[in-house]
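For reference, the structure is listed below as structure tokens.
Number of protein chains: 2
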Amino acid sequence: MKNLRLKSARAALDMSQQQLADAVGVSRQTINAIEKGDYNPTIKLCLAICKALNKTLDELFWE
Amino acid sequence: MKNLRLKSARAALDMSQQQLADAVGVSRQTINAIEKGDYNPTIKLCLAICKALNKTLDELFWE
DNA sequence: ACTAAAAGTAAAATATACTTGACAAAATAA
DNA sequence: TTATTTTGTCAAGTATATTTTACTTTTAGT
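Protein chains in written order, with my numbering: chain A, -1 to 61; chain B, -1 to 61.
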């Protein structure tokens, strides 16, 4: 299922998928796939995304 | 680095690594490796572990 | 001490997260 | 409209999470 909280948090900081990808060191397609819900990232990547967006794991990835 | 919070939460419920592994559908070695800190699990597995141990992502995996 | 269960560890195989490159669709701005 | 950026999506490859089998070491019980 889609991760709209991630998409929303990124938009709130006016970051593109490419900018977030660069900030956490992955490809743009990986960010796109996570937002789309295509596959589950590793906890390490989730933590990097949280720090880049100033959010916690529970805020972005708890269901 | 070791995940002592996970180890502690499991011990608090008196569960063995095997029991937790069965509860979340992975091998015992995977649980052992996560507690040992050998590699990073997927967010899906982290969520399953949290639910099995009645903890949140932030409680077990936030650094 | 003896026994059994639990935990630690390792190598080889498999499943899947992630990359790279590329192209089209949609959005934003001139 | 036209140009530019952003997003969506796909296929093939690479990196790594996870499994299986197996063995040793601790821990807990009797």
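Beta carbons are placed, not taken as given, at the ideal position from N, Cα and C, and that holds for glycine.
From a predicted model like this one, the values you see are computed outputs, not experimental measurements.
Give the DSSP-derived three-state secondary structure of residue i in the structure shown.
{"i": "residue 54(A)", "result": "coil"}
Is it buried or exposed for residue i, if we count other Cβ within 10 angstroms and need 16 for buried?
{"i": "residue 50(B)", "result": "buried"}
{"i": "residue 9(A)", "result": "exposed"}
{"i": "residue 2(B)", "result": "exposed"}
{"i": "residue 11(B)", "result": "exposed"}
For a cutoff of 8 Å on Cβ pairs, would you count residue i as touching chain B?
{"i": "residue 53(A)", "result": "no"}
{"i": "residue 33(A)", "result": "no"}
The alpha helix (DSSP H) that contains residue i, what's its start and end?
{"i": "residue 28(A)", "result": "26 to 34"}
{"i": "residue 20(A)", "result": "15 to 22"}
{"i": "residue 4(B)", "result": "2 to 10"}
Is any beta-carbon of chain A found at less than 8 Å from that of residue i?
{"i": "residue 5(B)", "result": "no"}
{"i": "residue 56(B)", "result": "yes"}
{"i": "residue 38(B)", "result": "yes"}
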